[in-house]
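K.L.:
What follows is a single structure, and I will ask about it in a moment.
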Amino acid sequence: FQEANGYCYWNGALLEAVTSLKFVGHVTPSTILVTGEESCLETVRSAWARKVLRAPSAYVIVLVGDVDGCAVQPISQSQFTPLPEALCWVIWELNLAERSTALDDVTAALGNAFPDLVPPSNKVVYDTLGKLIRDRKIFYNGKGYGVVTPDTYRKTSVVENAEKGQLLLMSDQEALTRA
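Structure (structure tokens):
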């Protein structure tokens with residue numbers, strides 16, 4: 001935006017106004033927020049009204065407006081972080097990074113990912129992991145832990161059919177019942 005309007009040497013006021021604007025943020029998908037001295041903002045408003053404000057290449061300026069009285073009320077965070085949720089996030093991140101998710105690695109990563117959390121003992125972590133497994137939030141594969149996704153428990157099993165052998169897609173409950 002500044003570059004697109006930064007070459008209007010014939011309009012010194014607009015050139016000065018545009019180059020003095022400060023980018024303060026954006027609202028997705030297509031809104032930029034700028035600030036500047038009132039006189040510079042008025043010059044930009046005037047250029048827009050006269051249809052001489054240029055959009056960057058491959059963009060279109062549809063609207064120019066003022067945001068007035070936009071107040072943000074910060075939401076404070078509590079001092080409580082649920083251990084089960086923290087463990088799920090840590091296991092997820094370790095798996096994404098293709099790192100070990102053994103108990104000691106999960107406990108160490110927990111301290112790094114949640115530095116404000118009082119470090120729980122290995123027993124508390126182990127017991128919580130066990131509950132998460134029972135609740136089918138995570139699984140243990142013998143080497144480490146993983147987060148249960150919709151595809152985690154889909155299993156195939158060979159159907160013993162005299163006429164035709166087929167692979168059958170079953171839920172984990174069906175597979176355990178037939179086993």
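Going by full-length UniProt numbering, the sequence shown opens with residue 1, and the numbers climb by one from there. Yeah, the Cβ is synthetic: ideal placement off N, Cα and C, and Gly gets one too.
Quick one: residues in its chain with C-beta nearer than 6 Å to the C-beta of Ser-20, no 5 flanking neighbours on either side, listed in chain order?
P.N.:
Correct list, in chain order: Gly-36, Cys-40.
K.L.:
From the DSSP output, which residues share a beta bridge with Ile-32?
P.N.:
His-26, per the DSSP bridge assignment.
K.L.:
Given 6 Å as the limit, tell me if Val-147 has its C-beta closer than that to any heavy atom belonging to the ligand SAM.
P.N.:
In terms of ligand content, the structure shown is empty, and the ligand SAM therefore cannot be addressed.
K.L.:
Report yes if the C-beta distance between Asn-95 and Thr-107 is below 7 Å; otherwise report no.
P.N.:
Taking 7 Å as the Cβ cut-off, Asn-95 and Thr-107 do not qualify as a contacting pair.
K.L.:
Apart from the five residues on each side of it in sequence, which residues of its chain come closer than 7 Å, Cβ to Cβ, to Ala-55?
P.N.:
So the list reads Ala-4, Ile-61, once near-sequence residues are dropped.
K.L.:
I believe Lys-51 touches Val-34 by the beta-carbon criterion, under 8 Å. Please report the beta-carbon distance rounded to the nearest angstrom.
P.N.:
With 8 Å as the limit, Lys-51 and Val-34 do not qualify as a contact, their Cβ atoms being about 19 Å apart.
K.L.:
Is there contact here, the stretch 108-119 with the stretch 130-140, by at least three beta-carbon pairs under 8 Å?
P.N.:
No: the two stretches stay apart, fewer than three of their Cβ pairs being nearer than 8 Å.
K.L.:
When the Cα of Leu-83 is compared with those of Val-18, Phe-1, Lys-137, Ser-76, which residue comes out closest?
P.N.:
The shortest Cα separation from Leu-83 among Val-18, Phe-1, Lys-137, Ser-76 belongs to Lys-137.
K.L.:
Where do the ends of the alpha helix (DSSP H) carrying Tyr-145 lie?
P.N.:
Looking at the DSSP string, Tyr-145 is not in any alpha helix (DSSP H); the run it does join, the beta strand (DSSP E), is 145-147.
K.L.:
With DSSP run on the structure shown, which of helix, strand or coil describes Tyr-126?
P.N.:
Looking at Tyr-126 - three-state DSSP - the assignment turns out to be helix.
K.L.:
Short check: CB of Thr-81 to CB of Ile-91, under 7 Å?
P.N.:
It is not a contact, given that the beta carbons lie outside the stated cut-off.
K.L.:
Taking C-alpha atoms, which residue in Glu-98, Ala-13, Pro-150, Asp-135 lies nearest to Arg-45?
P.N.:
Taking only the C-alpha atoms, the option nearest Arg-45 is Ala-13.
K.L.:
Between which two residues does the alpha helix (DSSP H) containing Ile-61 stretch?
P.N.:
Careful: Ile-61 lies outside any alpha helix (DSSP H) and carries neither H nor E.
K.L.:
Any idea what DSSP makes of Ile-133, helix, strand or coil?
P.N.:
Residue state, collapsed to three classes: helix.
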